[in-house]
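Participant: Below is a structure I'd like to ask you about.
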Amino acid sequence: MPLSFWKMGTSSGDGSSNPEVQHFMRIPWCVHENRTVLSTWENQFVGGTLNTPDTITAWVDLYQLRPGPEFRIEEFLSLITLGPGMVGFPDSVHGGAAALLLDEVTGMHIASQRGPDEPLKKEFRTAYLKATYLKAIPAPGTVLVRSRIVRVDGRKNFVEAQIEDEHGEVLVKGEVLYITLKSKSKL
């Protein structure tokens, strides 16, 4: 099964000089440049404001495609390096930033449920996000965010996620409900 990834980073420490990263970044189906700030200001907050050497310094998404007629990603993983600009209390990430990570990763997971040659899905919105904080997220530092789609019921997409440290210890658990927007009728 193919393994795809997407990378975000602007600092010199973003891994862009690593020969393995360079290899995968040259393969079109491996790269998803969705953190570019668009002319509509889409992605401005994460792709612009938080894409700095002091905030989110690097971001890599990994997922495995399930073979068959449907393009489905069962588990979506993100490795994210957080800089000192993400600190709330001493040595730990701001709680709101942790919720933002859950929302971004699970949202990318939903957006990626499409045909292999189709653009990312953007016709959905977050209905609710529940974060349960178990331990502080160290910052600066790197975390792994795991996302799993639990169930799809009509326009409702139920997703669970967790933020883990380098030892696999769960720091934050999340439950998210995304609602697919009703399609606009054409005249």
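Here the working numbering is used: the first residue of the sequence shown is 572, the next is one more, and so on.
Quick reminder that beta carbons are idealized off the backbone N, C-alpha and C, glycines included.
Rounded to the nearest angstrom, what separates Ala670 and Glu645 at their Cα positions?
Facilitator: Here the question's residue 670 lines up with position 99 in the sequence shown. Here the question's residue 645 lines up with position 74 in the sequence shown. If you take the alpha carbons of Ala670 and Glu645, they lie about 21 Å apart.
Participant: For Gln733, which beta-bridge partners are listed by DSSP?
Facilitator: For the purposes of this step, residue 733 is identified with residue 162 of the sequence shown, where counting begins at 1. Gln733 pairs with Arg717, Lys744.
Participant: What separation, rounded to the nearest whole angstrom, lies between the Cα atoms of Ile681 and Asn728?
Facilitator: On the sequence shown, position 110 is the one that residue 681 refers to. On the sequence shown, position 157 is the one that residue 728 refers to. Spanning the two alpha carbons is a distance of roughly 8 Å.
Participant: In angstroms with no decimal places, state the Cα-to-Cα distance between Ile734 and Lys753.
Facilitator: Taking the first residue of the sequence shown as position 1, residue 734 is located at position 163. Taking the first residue of the sequence shown as position 1, residue 753 is located at position 182. Using only the alpha carbons, I get a separation of about 31 Å.
Participant: According to DSSP, which residues form a beta bridge with Val676?
Facilitator: In the sequence shown, residue 676 corresponds to position 105, counting from 1. DSSP output for Val676 lists no bridge partner at all.
Participant: Below 8 Å, how does it come out for the segment 733-751 and the segment 695-702: are there three or more Cβ pairs, yes or no?
Facilitator: Yes, the segment 733-751 is in contact with the segment 695-702.
Participant: Here's the rule: buried if 16 or more other CB atoms are within 10 angstroms of the residue's CB, otherwise exposed. What is Glu675?
Facilitator: The sequence position of residue 675 within the sequence shown is 104, counting from 1. Buried, since its Cβ has 16 or more Cβ neighbours within 10 Å.
Participant: Apart from the five residues on each side of it in sequence, which residues of its chain come closer than 7 Å, Cβ to Cβ, to Leu700?
Facilitator: Along the sequence shown, read from residue 1 onward, the residue named residue 700 stands at position 129. Once the five neighbours on either side are set aside, the close Cβ partners of Leu700 are Ala670, Leu673, Asp674, Gly745, Val747.
Participant: For a test of the three-state rule: what should DSSP assign to Leu671, helix, strand or coil?
Facilitator: Residue 671 sits at position 100 when you count from the first residue of the sequence shown. If DSSP states are grouped into helix, strand and coil, Leu671 belongs with the helices.
Participant: With H, G and I counted as helix, E and B as strand and the rest as coil, what does DSSP make of Gln684?
Facilitator: The residue given as residue 684 occupies position 113 in the sequence shown. Gln684 falls in the coil class under three-state DSSP.
Participant: Note down, in chain order, each residue of its chain lying with its Cβ closer than 6 Å to the Cβ of Thr626, except the 5 sequence neighbours on either side.
Facilitator: The residue given as residue 626 occupies position 55 in the sequence shown. These residues qualify, in order along the chain: Gly654, Gly656, Met657.
Participant: Given a threshold of 16 other Cβ atoms within 10 Å of its Cβ, counted over all protein chains shown, does Val741 qualify as buried or as exposed?
Facilitator: In the sequence shown, residue 741 corresponds to position 170, counting from 1. When all chains shown are included, Val741 counts as exposed.
Participant: Within the same chain, show all residues whose beta-carbon is closer than 8 Å to that of His665, passing over the 5 residues directly before and after it, in chain order.
Facilitator: Numbered from 1 along the sequence shown, position 94 holds the residue referred to as residue 665. Contacts found: Met657, Val658, Gly659.
Participant: Using DSSP bridges, identify the partner residues of Val664.
Facilitator: Sequence index remark: in the sequence shown, residue 664 carries index 93 (1-based). Answer by DSSP bridge pairing, in chain order: Val658.
Participant: Do Ser649 and Ala710 have their C-beta atoms closer together than 8 Å?
Facilitator: In the sequence shown, counting from the first residue as 1, residue 649 sits at position 78. In the sequence shown, counting from the first residue as 1, residue 710 sits at position 139. Result no, Cβ atoms of Ser649 and Ala710 do not sit closer than 8 Å.
Participant: Return the chain-ordered list of same chain residues with a C-beta closer than 6 Å to the C-beta of Arg726, the five sequence neighbours on each side being excluded.
Facilitator: Your numbering for residue 726 matches position 155 in the sequence shown. Ile750, Thr751, listed in sequence order.
Participant: Just the C-alpha distance for Trp630 and Ile651, rounded to the nearest angstrom, thanks.
Facilitator: Residue numbering aside, residue 630 sits at position 59 when the sequence shown is read from its first letter. Residue numbering aside, residue 651 sits at position 80 when the sequence shown is read from its first letter. Straight-line Cα distance between these residues: approximately 5 Å.
Participant: Alpha carbon to alpha carbon, how far is Thr628 from Ala707? Give it in angstroms, no decimals.
Facilitator: By one-based count along the sequence shown, residue 707 stands at place 136. By one-based count along the sequence shown, residue 628 stands at place 57. Between Ala707 and Thr628, the C-alpha separation is close to 19 Å.
Participant: Helix, strand or coil: how does DSSP classify Thr623 here?
Facilitator: Your numbering for residue 623 matches position 52 in the sequence shown. In the structure shown, Thr623 sits in coil (DSSP, three-state: anything other than H, G, I, E or B).
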